Structures are given as C-alpha cells and as structure tokens.
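Trainee:
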Amino acid sequence: MEIKKYLLFSGGAVVFSSAVAYRVWNLTKPSVATSLAAEGRRTIFDSAKPKFEKWIKLYLTFKEELISKNIVSADHINDKEGAFVFKNWCANSLKSNSGYLLDLARNYCTMTLGVYALEQEGVELIEDVKVNRNQKEVWFSAFTNHKDEIIKSGLFGDLIGDDQDKSGERVRGWCRRKAKEPYIPKNYKIAGYLSSWCVVKKR
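Add 2 to the 1-based position in the sequence shown for the numbering used here, that's all there is to it.
(1) Within 10 angstroms of the Cβ of Gly84, are there 16 or more other Cβ atoms? Answer buried if so, exposed if not.
(2) What span of residues does the beta strand (DSSP E) with Glu126 cover, start to end?
(3) Between which two residues does the alpha helix (DSSP H) carrying Lys203 extend?
(4) Given a cut-off of 8 Å on the beta-carbon distance, is the pair Lys188 and Thr114 in contact?
(5) Just to check my reading of the structure: Thr45 and Thr146 have Cβ atoms closer than 8 Å, yes? What is that Cβ distance to the nearest angstrom?
(6) Quick one: give me the first and last residue of the alpha helix (DSSP H) that Leu103 is part of.
(7) In chain order, what residues of the same chain have a beta carbon less than 8 Å from the beta carbon of Ala76, not counting five sequence neighbours either side?
(8) Go ahead and pull the three-state DSSP assignment for Pro184.
(9) Give the range of the alpha helix (DSSP H) segment to which Ile46 is assigned.
(10) So Val140 packs on Ile128, CB below 8 Å; how close in whole Å?
(11) Taking His148 and Trp91 to be in contact with their CB atoms under 8 Å, please state how far apart those CB atoms are, rounded to whole angstroms.
(12) What residues in its chain sit with their C-beta under 6 Å from that of Val74, if we drop five residues either side in the sequence?
(13) Excluding the five sequence neighbours on either side, which residues of its own chain have a C-beta within less than 6 Å of the C-beta of Pro52, listed in chain order?
(14) Is Val202 closer than 8 Å to Leu103 when the C-beta atoms are compared?
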C-alpha cells in the first residue's frame, strides 16, 4: 500500500515538475518581435515614419490571405478599417511568444520592399498612382530617368529603352513582383533599386 502511494505521489510530482518546467520555458521564450528582429526583419512599428498609410499598403498587399486566415474579416466597412484591425493584430502578435504567431507575423507584419520605399517623404509607388494619370507614361518616364542605372544593374537582360511599351511594362512587372518581397538583409540592394525606380513624387 505504501509503495502504491509512493508511486502515485512520484508520478504526480513528475507531472507537476514537467508542467512547471514547461511554464518556465514558455515564459523565457523570446517574443515574436525579438525573434523577427534577430532575423533582420523590421515592422512598421520600427520605422522612423510609422505612418498609417504604410499599414494600409501592407494590408492591401496581403488582403486576400489575411481574410482567408481569419486575421481580418471580409466584412470591414472599408480598407482603412481593415488596416486598423490588421495593425492591432500585428501589435498583439508581436508581444506573444507563440511559434504559430511568429510564422504569421513573419509573413504579414514585417516590411515589404514596397512599404520600405515609402520611408521616403512625399512619394508613392507608381503602381498606386491614381487612374487620372497615364500609368504607361509614368512607367516609361521612370525608366527614362533611371535608364543607365537600370541597364547597368543587369536585371532586365536585353531591355530596349527606345521601345516605350516594352521598357515600361518590364520595369512595371519587376516593381510589382519585388514590392511584395520582404525587407531583409539579402534584399537591401533590391530595396535601393525599388525605392529609386518604382516610386514617383506625390502630386
């Protein structure tokens, strides 16, 4: 009988010790924000200019995915409301130490190259230029203004600067693809190009 009690007590002690150890381990895990910073990733909260328009841009970049993963609702009144909810979700997730939230925050709450380009004062991405401006002309103008640098980069192969449609469209496609990529150390050079070639002064 005494042996049985001892075994029961010992088993309970082991379970109790394991539970305590897990809680201690969980409390000492780095936060999502700390883990992302260690990976060289930045959030808009880290920005020198954490303007809300950047949250709107980030929200619109991933809107369909955010809805499908139930991070935001499809029923928000407008994109500003959706971006506000998204921003608060990111703020709360960054304080957590959940591995699941770390993966989501890594994908959706950190700066993209497009958002990083908005660190410059008074600019907007050409892809966001309002329809009352001729985007084809704006894209070709962007190519013309940076032609030497674009060709020298070697990113566009046999780009022909005298062909307005071809040049503008290829730069446009590149900017749109790269704008969604994360702002991380290996992309810093691309970030510099995008911040120069893919933006225009706001009117």
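The beta-carbon is built from N, C-alpha and C at its ideal position, and this holds for glycine as well. Bear in mind the structure is a predicted one, so any value in this text is a computation, not a measurement.
Mentor: The answer reads as follows:
(1) buried
(2) 125–127
(3) Taken as a continuous stretch (DSSP letters only), Lys203 belongs to no alpha helix (DSSP H), being part of the beta strand (DSSP E) at 201–203.
(4) no
(5) At roughly 35 Å, the Cβ-Cβ gap does not stay under 8 Å, so Thr45 and Thr146 are not in contact.
(6) 101–110
(7) Ile69
(8) strand
(9) No alpha helix (DSSP H) holds Ile46; DSSP gives it neither H nor E.
(10) 5 Å
(11) About 37 Å; that fails the 8 Å criterion.
(12) Leu68, Gly84, Val87, Phe88
(13) Ile46
(14) no
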